[in-house]
Amino acid sequence: MNLSRGLKGLLAATLLGALVAVTTAPFPALAATETYRDEFNSGDFTGSDGTLGWPAPWIEVGESDGPDSGLVEVVSVSGCAASPCVRIRGGVVSGGQGLRRYADLSSASSATLSMRTVRTGSSS
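Under our numbering, the first residue of the sequence shown is numbered 786, with each subsequent residue one higher.
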């Protein structure tokens with residue numbers, strides 16, 4: 786996904802999977818790449834594993850009970866490629882839960898959003 790500077794320098798990433806990395810290339814001629822990344826190793830919504838620090842923690846969407854409970858949790862489970870990871874559960878009570886986080890892309894000429902997802906269970 787390529788994002789233009791028309792976003793006024795902010796990217797709102799809504800997490801619907803396990804891992805998010807936002808890569809920015811501020812000056813393509815310099816071939817430099819800076820990254821915003823969170824592998825959720827901190828066990829909460831405040832981790833920062835990229836070359837740039839996130840300006841704020843993840844914000845829960847559809848609930849606000851923290852990383853240890855509810856439909857959006859940071860958990861260690863065997864289905865994750867990397868553990869811990871974010872688990873977003875759905876079902877009858879689900880109302881569009883997820884996570885979002887902002888990244889300052891004001892000096893970026895382009896950006897790429899990447900995430901890994903694992904779907905478990907089944908729906909009818």
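Cβ atoms here follow ideal geometry from the backbone N, Cα and C, with glycine treated the same way.
Determine the closest residue to residue i out of the options, with distance taken between C-alpha atoms.
{"i": "Thr902", "options": "Gly883, Gly851, Thr818 and Gly828", "result": "Gly883"}
{"i": "Ser868", "options": "Gly828, Thr820 and Thr818", "result": "Gly828"}
{"i": "Cys865", "options": "Arg904, Asp823, Glu819 and Tyr821", "result": "Arg904"}
{"i": "Phe825", "options": "Trp839, Thr818 and Glu819", "result": "Trp839"}
Buried or exposed: which applies to residue i, given that a residue is buried once 16 or more other Cβ atoms fall within 10 Å of its Cβ?
{"i": "Val862", "result": "exposed"}
{"i": "Ala893", "result": "buried"}
{"i": "Asp910", "result": "Here the chain has residues from 786 to 909 only, and residue 910 is not among them."}
{"i": "Arg874", "result": "exposed"}
{"i": "Ala841", "result": "exposed"}
If you draw a straight line from the alpha carbon of residue i to that of residue j, how long is it in whole angstroms?
{"i": "Val871", "j": "Thr897", "result": "20 angstroms"}
{"i": "Ser854", "j": "Glu845", "result": "12 angstroms"}
{"i": "Thr808", "j": "Trp843", "result": "A caution first: Thr808 carries a pLDDT of 43, below 50, which makes its placement in the model unreliable, though a value can still be read off. Distance between the alpha carbons of Thr808 and Trp843 is about 17 angstroms."}
{"i": "Pro756", "j": "Gly835", "result": "Residue 756 cannot be examined here, being either before or after the span of the chain that is shown, 786 to 909."}
{"i": "Ser833", "j": "Val859", "result": "14 angstroms"}
{"i": "Ser895", "j": "Leu837", "result": "16 angstroms"}
{"i": "Asp823", "j": "Leu890", "result": "17 angstroms"}
Within its chain, find whatever has a CB closer than 6 angstroms to the CB of residue i; leave out the 5 residues flanking it on each side and keep chain order.
{"i": "Thr831", "result": "Pro842"}
Just to confirm my understanding: we take residue i, look at its own chain, exclude 5 residues before and 5 after, and list those with CB closer than 8 angstroms. What are they?
{"i": "Ser909", "result": "Its pLDDT being 46, under 50, Ser909 is placed unreliably by the model, and nothing is read from it."}
Skipping 5 residues on each side, what residues in its chain have a beta carbon closer than 7 angstroms to that of residue i?
{"i": "Gly881", "result": "Val846 and Gly847"}
{"i": "Leu856", "result": "Glu848, Ile873, Arg874, Ser879 and Gln882"}
Between residue i and the ligand ADP, is the CB less than 7 angstroms from at least one heavy atom?
{"i": "Gly855", "result": "What this structure holds is no ligand at all, so the ligand ADP is not there to describe."}
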